[in-house]
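Below you'll find the structure, written out as C-alpha cells, and then a few comments.
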Amino acid sequence: MFTKLGLLVLKRRFPVACASQLRTYLSESYKCTQTWENRLQPDYMQKINLDSLYLDIEQSFNQNGKPSVIDVDIFVNKLTNNVNADEVSDLLHKLRLTEETSNTLPSTGHAVIRAFLESDHVEDLLHMLDDRLNYGIFLDHYLANYLLDELTKRKDFTAAARVATMLMLQEDFGNEISLPMALYACWNYLGDPKPFYPVEEKQEETKKSKDEVKVRVKFLRNEYFDDHFDLRDNFHLVGKTLLMIGSQIQPGNIGKNAQLLGAVLYQKYDKVLTLLPEVKSVLHKDVVQIASKQIEQIPEDKLGENGQQVKTQLQTLSADSSLNSSNFGEDVENLIKTAVAKCEKDEIAKQESVYKSWMELRENKLKEEIERLDRAKRLQEIEKMTESMKLEEQKLWFFENEDKIDLQIDSKKVFYPKRWFGKKKKPRVIDEGYVPPEVRQKQ
Numbered sequence: 215m216f217t218k219l220g221l222l223v224l225k226r227r228f229p230v231a232c233a234s235q236l237r238t239y240l241s242e243s244y245k246c247t248q249t250w251e252n253r254l255q256p257d258y259m260q261k262i263n264l265d266s267l268y269l270d271i272e273q274s275f276n277q278n279g280k281p282s283v284i285d286v287d288i289f290v291n292k293l294t295n296n297v298n299a300d301e302v303s304d305l306l307h308k309l310r311l312t313e314e315t316s317n318t319l320p321s322t323g324h325a326v327i328r329a330f331l332e333s334d335h336v337e338d339l340l341h342m343l344d345d346r347l348n349y350g351i352f353l354d355h356y357l358a359n360y361l362l363d364e365l366t367k368r369k370d371f372t373a374a375a376r377v378a379t380m381l382m383l384q385e386d387f388g389n390e391i392s393l394p395m396a397l398y399a400c401w402n403y404l405g406d407p408k409p410f411y412p413v414e415e416k417q418e419e420t421k422k423s424k425d426e427v428k429v430r431v432k433f434l435r436n437e438y439f440d441d442h443f444d445l446r447d448n449f450h451l452v453g454k455t456l457l458m459i460g461s462q463i464q465p466g467n468i469g470k471n472a473q474l475l476g477a478v479l480y481q482k483y484d485k486v487l488t489l490l491p492e493v494k495s496v497l498h499k500d501v502v503q504i505a506s507k508q509i510e511q512i513p514e515d516k517l518g519e520n521g522q523q524v525k526t527q528l529q530t531l532s533a534d535s536s537l538n539s540s541n542f543g544e545d546v547e548n549l550i551k552t553a554v555a556k557c558e559k560d561e562i563a564k565q566e567s568v569y570k571s572w573m574e575l576r577e578n579k580l581k582e583e584i585e586r587l588d589r590a591k592r593l594q595e596i597e598k599m600t601e602s603m604k605l606e607e608q609k610l611w612f613f614e615n616e617d618k619i620d621l622q623i624d625s626k627k628v629f630y631p632k633r634w635f636g637k638k639k640k641p642r643v644i645d646e647g648y649v650p651p652e653v654r655q656k657q
C-alpha cells in the first residue's frame with residue numbers, strides 16, 4: 215500500500231500517468247455487443263461442436279492441403295471466453311500459407327480479436343497483429359478504437375501504445391477518434407515505459423572449436439533498414455507515431471508538442487532543432503520535462519553534435535517559467551471527448567450495419583459451400599453408378615461381345631522387340647586326333 219507521501223512522490227516523478235483519472239471514453243454501446251452476439255442465433259451456429267469442427271478442418275488441411283474459409287470463419291466466430299490461443303493461431307497460420315487466404319471473410323479478424331481480448335490473451339493477440347504476414351489479422355478503425363479504449367480501461371498503456379504504433383505502420387490515422395486516443399495511449403505510456411518485445415539475451419562468444427564447419431555461399435545480402443517496418447526499439451516506434459499524429463491532429467499547438475516529443479524519442483535531432491523555434495511559444499512544460507528526461511538517458515557518445523545541442527536547449531527550457539503549465543494529458547482527453555461526441559453515433563450505426571451484412575454474407579457462403587459439396591457428392595455417385603453399369607453390361611452381353619473382348623485383350627498386350635545380342639559366332643570344329651602336349655598317346 216502506498217502512503218500519501220508515496221503517492222505524492224509518484225505524481226511528481228511520473229506526472230503523465232497520474233495526471234488524470236483513468237477511464238474509458240467510448241460508451242458501452244460502441245461495442246455493438248447485441249448485434250455482434252446475434253451471429254450465434256442461426257441454427258447452424260448453435261449446432262456446431264468446436265472440437266469436431268476443429269478436427270474436420272485439420273483433416274481437410276492434411277488431405278486437401280487447404281481448408282474451407284467458411285469453416286474457419288464459423289470456428290472463430292463460435293469462440294467465446296474459452297479460447298485455446300495456440301489452436302487458433304496455428305489454424306490462422308496454416309490458412310495464411312494457402313491460396314485460400316485471399317477469400318478469408320472479413321468477420322474472421324473481428325472474431326479473433328474480440329475473442330482474444332475477452333479471454334485476456336492480450337499478448338498473443340498483439341503478437342498476431344504485429345506479425346501480419348503470417349497471420350493475416352489487420353486493424354481497421356473500429357477495432358483500433360475498441361482496443362485502445364479497452365486497454366486504457368485496463369491501464370495497460372504498453373499494449374495500447376503498441377496498438378497505436380501499428381496504426382502508424384499502416385500509415386492510417388484517418389479516423390477522428392483513433393487519432394487522439396492513440397496520442398493519449400503514447401503519452402501515458404511514457405509515464406512508465408516498458409519494452410514492447412522481450413529482450414534477447416546475448417550469448418557469450420565462444421572460442422572457435424577445431425570442428426568448426428565453414429559453408430560456401432553464392433552471395434551475401436546487403437543489410438537494409440527501411441526505418442519503418444524494421445523498427446523494433448519501443449521509443450523509436452512511439453516517437454515516429456507521435457510525429458505522424460502531430461502532423462495531422464488539430465489544434466496545432468497539441469500537434470506541435472506531439473511532433474517535438476516524437477522527434478526527440480525518434481532521435482531525429484535535426485528535426486528537433488528545426489521545430490524548436492516554431493513550437494517554443496506553445497510548448498507544454500510537462501512535454502519538455504518528458505523529452506528532457508528521455509534524452510538524458512541516452513549515452514553521450516550516441517548523441518552527436520545535434521543531440522548535444524538539443525539536450526542543452528531542452529534543459530534550458532525545463533527551467534523556463536513562461537511555458538504552458540496546463541496538463542498535456544488533460545488537453546488530449548478533451549480532444550477525445552470532442553471526437554467521441556461528434557463521431558460515435560455514426561460509427562456505431564455503421565458498424566451495426568456491417569455486422570448484419572456479415573451475417574448475410576456468412577449464410578450465403580455457407581449455402582454455396584453446401585451446394586458445392588452436394589454437387590461433388592452427386593457427381594461421385596454418378597461416376598460409381600456408371601462404372602457398375604458398365605461391369606453389369608459386360609456380364610450380360612459377354613458371349614455376344616466375346617470376339618470384341620478378345621481383341622481388346624490382345625490390343626492391351628505389350629509386344630517387346632527382340633533384343634540383339636551381337637553377331638553369332640560359328641561353332642568350333644573339334645579335332646578328334648588332337649593330343650594335348652602333356653599327354654602321350656598310348657602305343
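Just so you know, the sequence shown maps onto residues 215 to 657 in the working numbering.
Every residue, glycine too, gets a C-beta built ideally from N, C-alpha and C.
{"Asked": "Span separating the alpha-carbon of N389 from that of N359", "Found": "9 Å"}
{"Asked": "Run of the alpha helix (DSSP H) containing A375, from where it starts to where it stops", "Found": "371–383"}
{"Asked": "Rounded C-alpha distance that separates W401 from F439", "Found": "27 Å"}
{"Asked": "Within 9 Å, strictly: CB atoms of H442 and L479", "Found": "no"}
{"Asked": "Within the segment 485–569, ranges of the beta strand (DSSP E) (whole runs, at least 3 residues)", "Found": "none"}
{"Asked": "Inter-residue Cα distance where the pair is N578 and S282", "Found": "14 Å"}
{"Asked": "Spatial neighbours of N448 in its chain, beta-carbon cut-off 7 Å, leaving aside the 5 residues before and after", "Found": "P407, P409, F410"}
{"Asked": "Three-state class that DSSP yields for R446 in the structure shown", "Found": "coil"}
{"Asked": "Span of the alpha helix (DSSP H), counted from its first residue to its last, around E272", "Found": "264–278"}
{"Asked": "Cα-Cα separation, T500 to N520", "Found": "Checking the displayed sequence, the identity of residue 500 turns out to be Asp instead of Thr. The straight-line gap from Cα to Cα measures roughly 22 Å."}
{"Asked": "Euclidean distance between Cα positions of Q464 and M395", "Found": "13 Å"}
{"Asked": "Touching by the beta-carbon criterion (3+ pairs, under 8 Å), the segment 309–321 and the segment 343–362", "Found": "yes"}
{"Asked": "Sequence-distant residues of the same chain with beta carbon closer than 6 Å to E415, five excluded per side", "Found": "With a pLDDT of only 48 at E415, under 50, the local geometry of the prediction cannot be trusted, and the value read off the model is given with reservation. Excluding sequence neighbours, E415 sits near nothing in its chain."}
{"Asked": "Own chain partners of Y483 with C-beta closer than 6 Å, once the 5 adjacent residues on each side are dropped", "Found": "N520, G521, V524"}
{"Asked": "C-beta atoms of A299 and F330 nearer than 9 Å", "Found": "yes"}
{"Asked": "Top-ranked residue by Cα proximity to N527, from S506, L517, I271, P513", "Found": "Here the sequence assigns Gln to residue 527, which means Asn is not the residue at that position. Of the candidates S506, L517, I271, P513, the one whose C-alpha sits nearest the C-alpha of Q527 is S506."}
{"Asked": "K591 in three-state terms, based on DSSP", "Found": "helix"}
{"Asked": "Within the segment 309–364, ranges of the alpha helix (DSSP H) (whole runs, at least 4 residues)", "Found": "320–332, 336–344, 346–349"}
{"Asked": "Nearest neighbour of N548, chosen from T488, I468, L474 [CA to CA]", "Found": "I468"}
{"Asked": "Spatial neighbours of S540 in its chain, beta-carbon cut-off 7 Å, leaving aside the 5 residues before and after", "Found": "H498"}
{"Asked": "Same chain, Cβ closer than 7 Å to L393, neighbours up to 5 away in sequence not counted", "Found": "F387, I459, Q462, I463"}
{"Asked": "Cβ-based burial, L269 [other Cβ within 10 Å; buried from 16]", "Found": "exposed"}
{"Asked": "Under 9 Å between C-beta atoms of D354 and L319", "Found": "no"}
{"Asked": "Alpha-carbon spacing of S602 relative to S625, whole angstroms", "Found": "23 Å"}
{"Asked": "L191 in three-state terms, based on DSSP", "Found": "There is simply no residue 191 to check, as the chain begins at 215 and stops at 657 in what is shown."}
{"Asked": "Assigned secondary structure, I464 (DSSP; H/G/I helix, E/B strand, else coil)", "Found": "In the sequence on display, residue 464 carries Gln and not Ile. Coil, per DSSP."}
{"Asked": "Cβ neighbour criterion (16 or more within 10 Å) applied to Y630", "Found": "exposed"}
{"Asked": "Option in I504, I509, L475 with minimal Cα separation from V493", "Found": "L475"}
{"Asked": "Of the listed residues V336, W572, D444, nearest to T366 (C-alpha basis)", "Found": "V336"}
{"Asked": "For K416, the three-state DSSP class (helix, strand or coil)", "Found": "Note that K416 scores 46 on pLDDT, short of 50, meaning its location in the model is unreliable; the coordinates nonetheless yield the value given after this. If DSSP states are grouped into helix, strand and coil, K416 belongs with coil."}
{"Asked": "Euclidean distance between Cα positions of K551 and D363", "Found": "12 Å"}
{"Asked": "Where I327 falls, given that 16 or more other Cβ within 10 Å makes a residue buried", "Found": "buried"}
{"Asked": "Where the alpha helix (DSSP H) containing Y258 begins and where it ends", "Found": "257–260"}
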